[in-house]
């Protein structure tokens, strides 16, 4: 159970740090309206991901188990791709770069709407979280529960931290954000390699049985 909890926490941290539509929305609203008004929006993934998660888990639960193994390998490659994007963002990050403003209203529901059209939750749950959740749940339901709790609790804390951090961006934020981007790139790369190793091992076991 601990391994699933730690994976959920680590992946959530890396996902929460990555530049994307939701993070851009948070940053722009923080710089315009302050961190206190923006902070409740950090709960947006908890609300918006529920229909996404249920749909993807339903689909994954109907496909053959061998297909889940293939998804694990694809997920590993996807994590390595995210690691490359994070590394590229780290390399190109400038402390004085301007953050594009968002035209959306600064509310929790605005953040939920942004996340519903954000492709990252769909890709993350289809290729990474979904297969690992089903694997853990089949072993013991507590594994799946630990994965979800670790992921969403860490994601909310990471997003809240991003909001607060950018409230003080003029003094500290940019340097810290660049460091976290580099750290998330390393975390994603390690988990990508780990996913590939697990997927490859599972395929070899399937062929050895046959």
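Residue numbers (the working numbering): 9 to 218.
Each residue gets a CB set at the ideal place from its N, CA and C atoms; glycine is no exception.
Roughly how many angstroms lie between the CA atoms of residue 96 and residue 121, to the nearest whole one? As a working note, residue 96 is residue 88 in the chain shown. As a working note, residue 121 is residue 113 in the chain shown. The alpha-carbon atoms of residue 96 and residue 121 are separated by roughly 28 Å.
If we ignore side chains and look at the alpha-carbon of each, how far apart do residue 191 and residue 216 end up? The residue given as residue 191 occupies position 183 in the chain shown. The residue given as residue 216 occupies position 208 in the chain shown. Straight-line Cα distance between these residues: approximately 38 Å.
Could you give the distance in angstroms between the alpha-carbon of residue 118 and the alpha-carbon of residue 206? Sequence index remark: in the chain shown, residue 118 carries index 110 (1-based). Sequence index remark: in the chain shown, residue 206 carries index 198 (1-based). If I take the Cα positions, the gap works out to 38 Å.
To the nearest angstrom, how far is the alpha carbon of residue 34 from that of residue 173? Numbered from 1 along the chain shown, position 26 holds the residue referred to as residue 34. Numbered from 1 along the chain shown, position 165 holds the residue referred to as residue 173. Rounded to whole angstroms, residue 34 to residue 173 spans 11 Å at the Cα level.
Cβ distance (whole Å) where residue 63 is taken to contact residue 76 below 8 Å: Taking the chain shown and counting its residues from 1, the one referred to as residue 63 is at position 55. Taking the chain shown and counting its residues from 1, the one referred to as residue 76 is at position 68. Wrong, their Cβ atoms sit about 16 Å apart, outside the cutoff.
Enumerated in chain order, which unbroken segments of the alpha helix (DSSP H) with a length of 4 residues or greater are wholly contained in the stretch 32-94? As summarised for the stretch 32-94, the continuous alpha helix (DSSP H) elements at least 4 residues long and confined to that stretch are 43-46, 52-70, given in chain order.
Between the Cα of residue 94 and those of 56, 165, 21, spot the shortest distance and give me the residue it belongs to. Indexing the chain shown from 1 puts residue 94 at position 86. Minimum Cα distance to residue 94 is reached at 21.
Kindly indicate the opening and closing residues of the alpha helix (DSSP H) around residue 159. Position 151 of the chain shown, counted from the start, is the residue given in the question as residue 159. It spans 149-175 - the alpha helix (DSSP H) in which residue 159 sits, taken as one unbroken run.
8 Å Cβ cutoff met for residue 158 and residue 13: On the chain shown, residue 158 is found 150 positions in, with the first residue counted as 1. On the chain shown, residue 13 is found 5 positions in, with the first residue counted as 1. Residue 158 is a Cβ neighbour of residue 13, given a cutoff of 8 Å.
Have a look at 17, 66, 82, 11 and flag the residue whose alpha-carbon is nearest the alpha-carbon of residue 211. Position 203 of the chain shown, counted from the start, is the residue given in the question as residue 211. It is 82 whose Cα lies nearest to the Cα of residue 211.
Exposed or buried, which one is residue 155 when buried takes at least 16 other CB atoms within 10 Å? Reading the chain shown from its first residue, position 147 is the one you call residue 155. Classification of residue 155: buried, given that the 10 Å Cβ count is 16 or more.
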